[in-house]
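First the structure, in the form of structure tokens, and then the observations on it.
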Amino acid sequence: MDLLNTLVDKGLRRELPTREEALAVLATSDDDLLDVVAAAGKVRRHWFGRRVKLNYLVNLKSGLCPEDCSYCSQRLGSKADILKYTWLKPDDASKAAAAGLAGGAKRVCLVASGRGPTDRDVDRVSDTIKAIKEQNEGVEVCACLGLLSDGQAERLREAGADAYNHNLNTSESTYGDITTTHTYADRVVTVNKAHAAGLSACSGLIAGMGESDEDLVDVVYSLRELDPDSVPVNFLIPFEGTPLAKEWNLTPQRCLRILAMVRFVCPDVEVRIAGGREVHLRTMQPLAMHLANSIFLGDYLTSEGQAGKADLEMIADAGFEVEGAGEVTLPEHRVTAGTGAGVCGSHEDAGCGSHEGAGCGSAESAGCGSHEGAGVCGSAAAPVAETKAAGEPRTDLVAVRRRGAGTDLAPNA
Numbered sequence: 003m004d005l006l007n008t009l010v011d012k013g014l015r016r017e018l019p020t021r022e023e024a025l026a027v028l029a030t031s032d033d034d035l036l037d038v039v040a041a042a043g044k045v046r047r048h049w050f051g052r053r054v055k056l057n058y059l060v061n062l063k064s065g066l067c068p069e070d071c072s073y074c075s076q077r078l079g080s081k082a083d084i085l086k087y088t089w090l091k092p093d094d095a096s097k098a099a100a101a102g103l104a105g106g107a108k109r110v111c112l113v114a115s116g117r118g119p120t121d122r123d124v125d126r127v128s129d130t131i132k133a134i135k136e137q138n139e140g141v142e143v144c145a146c147l148g149l150l151s152d153g154q155a156e157r158l159r160e161a162g163a164d165a166y167n168h169n170l171n172t173s174e175s176t177y178g179d180i181t182t183t184h185t186y187a188d189r190v191v192t193v194n195k196a197h198a199a200g201l202s203a204c205s206g207l208i209a210g211m212g213e214s215d216e217d218l219v220d221v222v223y224s225l226r227e228l229d230p231d232s233v234p235v236n237f238l239i240p241f242e243g244t245p246l247a248k249e250w251n252l253t254p255q256r257c258l259r260i261l262a263m264v265r266f267v268c269p270d271v272e273v274r275i276a277g278g279r280e281v282h283l284r285t286m287q288p289l290a291m292h293l294a295n296s297i298f299l300g301d302y303l304t305s306e307g308q309a310g311k312a313d314l315e316m317i318a319d320a321g322f323e324v325e326g327a328g329e330v331t332l333p334e335h336r337v338t339a340g341t342g343a344g345v346c347g348s349h350e351d352a353g354c355g356s357h358e359g360a361g362c363g364s365a366e367s368a369g370c371g372s373h374e375g376a377g378v379c380g381s382a383a384a385p386v387a388e389t390k391a392a393g394e395p396r397t398d399l400v401a402v403r404r405r406g407a408g409t410d411l412a413p414n415a
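Numbering-wise (our numbering), the sequence shown opens with residue 3 and increments by one.
In structure tokens:
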């Protein structure tokens, strides 16, 4: 297919595809899907080999958020039956992080729900960062705390944070349809503040909220312009008790096309499969390893993920290898262009967020998050009671998190 040959050539040269080419990837047929995966896989392997970076979420503060993000189980007015707790103490957060690191994670993502941190909150998180760094040599720490005020990014950097996550989530033109308590511009400002402070940029999106192909291309092109080091791709988990509970718009095939499009537009960036991969990619998760070079291990902010042991087996069975703590994630040209953030560096025009809550994550916090819970290797999301018809939503896979940080249960219970 001429389109795919063109996109591979552009990806190897870091050349931006046209909008028409990006839209064409999303419009490909199921018959062409394996060709699309193979083409994007060439770009992924050129820049990242067969390495898979493992990330681990620690949910520092769960629920009780004043923001009204429609996708989030922690939002204002949410009826979702999730865990709610205030700030974890530094030692408790460090112990939770250690569980993820023991499972092979090299980055810990510290997420807190809320619009954004107070200066006292920044002090709390700074103490947590220091505790994790002191007890775990070489670990990367990413903070995801929502909208930042002046000077807060610098304080996090001084405390030892390597990165900051704040997702754009969707296109600017449709942002007001999912959130009214803050704006798309607010998110861009926070990403730029994190970059200016020398933090590595992490910013991504959420697919499956009813957006059009044009919206998906718009947000990915906006991310390319911000030039983050990592782009988390979240797939909406339609939680009961949230406005988007009935939005089941994704199939495994569409998820793969979205990941391929992101890889072609952001060829040399860490593309991370974040919240919702177990629910929407399901048995096609191994194919996604040919597109993305990073995943979250274990649970998300407020929902259970795939068992960590199953994640590690999946990576090995697909012929990939877990990226070691001493390996540099990004291609050399991105690291040398950066101004900080150790292993992953940050560079000019870098953004940050990659979650969905005002906190950080990339799946379900009100400010920025891109995940849904914290834990390392818990049990699989939920037992399947019956076989679902092809194309029917797998609501049985949505399992609210009941273990890990913030509970008395071990993350691998």
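Every residue, glycine too, gets a C-beta built ideally from N, C-alpha and C.
The Cβ-Cβ distance between T130 and L62 falls below 9 Å. About 5 Å separates the beta carbon of A155 from that of A196, a gap short enough to meet the 8 Å contact definition. Remark: C-beta atoms of K86 and T244 do not approach each other more closely than 9 Å. Exposure of M3 is indicated by the presence of fewer than 16 other C-beta atoms within 10 angstroms of its C-beta.
The Cβ atoms of L149 and G118 lie closer than 9 Å to each other.
By the Cβ test, the stretch 290 to 298 is in contact with the stretch 44 to 51, since at least three Cβ pairs between them sit closer than 8 Å. By the 16-neighbour rule on beta-carbons within 10 angstroms, A98 is buried. Around the CB of P234, 16 or more other CB atoms lie within 10 Å, so the residue is classed as buried.
Rounded to the nearest angstrom, the gap between the Cα atoms of L25 and L36 is 17 Å.
When secondary structure is reduced to three states using DSSP, T338 falls in the helix class. Shortest Cα-Cα distance from G328 to any of A40, G140, C111 and V221 involves G140. Shown here, F266 sits in a helix according to DSSP, grouped into three states. The beta strand (DSSP E) runs of length 3 or more contained entirely in the stretch 124 to 201 are, from start to end of the chain, 142 to 146 and 165 to 167. When rounded, the separation of the alpha-carbon atoms in D32 and D229 is 31 Å. A Cβ-Cβ separation of about 17 Å leaves C67 out of contact with C111 under the 8 Å criterion. DSSP places L303 within a strand segment (E or B) once states are collapsed to three. With a cut-off of 8 Å on Cβ pairs, the stretch 180 to 199 is not in contact with the stretch 247 to 263, counting fewer than three such pairs. In the DSSP annotation of this structure, the continuous segment of the beta strand (DSSP E) that includes P234 starts and ends at S232 to F237. Beta-carbon to beta-carbon, Q137 and S96 are separated by about 6 Å, close enough to satisfy the 8 Å threshold. Contact between the stretch 205 to 218 and the stretch 158 to 176 is established, with three or more Cβ pairs separated by less than 8 Å.
Secondary structure of R274 (DSSP, three-state): strand.
The residue among V221, D164, N167 and V324 with its C-alpha nearest the C-alpha of Y186 is V221. The beta carbon of A41 lies closer than 7 Å to those of L6, L9 and V10 in the same chain, with the five residues before and after it left out. C204 carries a strand assignment under DSSP once its states are collapsed to helix, strand and coil.
Bounds of the alpha helix (DSSP H) holding V39 are L35 to F50.
Secondary structure of S224 (DSSP, three-state): helix. Remark: C-beta atoms of A165 and S128 do not approach each other more closely than 9 Å. Residue burial annotation: G326 is exposed, with fewer than 16 other C-beta atoms found within 10 angstroms of its C-beta. Here DSSP, grouped into helix, strand and coil, assigns A114 to strand. In terms of Cβ geometry, R109 and L56 form a close pair [threshold 9 Å].
Here the C-alpha atom of E23 lies approximately 35 Å from the C-alpha atom of S305. Judged by beta-carbon spacing, V400 lies within the 9 Å limit of E242, meaning their Cβ atoms are closer than that value.
Spanning the alpha carbons of I180 and A276 requires a straight line of approximately 19 Å.
T338 is classed as exposed because its beta carbon has fewer than 16 other beta carbons within 10 Å across all chains shown. The C-beta of T20 has fewer than 16 other C-beta atoms within 10 Å across all chains shown, which makes the residue exposed.
With 16 or more other Cβ atoms inside 10 Å of its own Cβ, G206 counts as buried.
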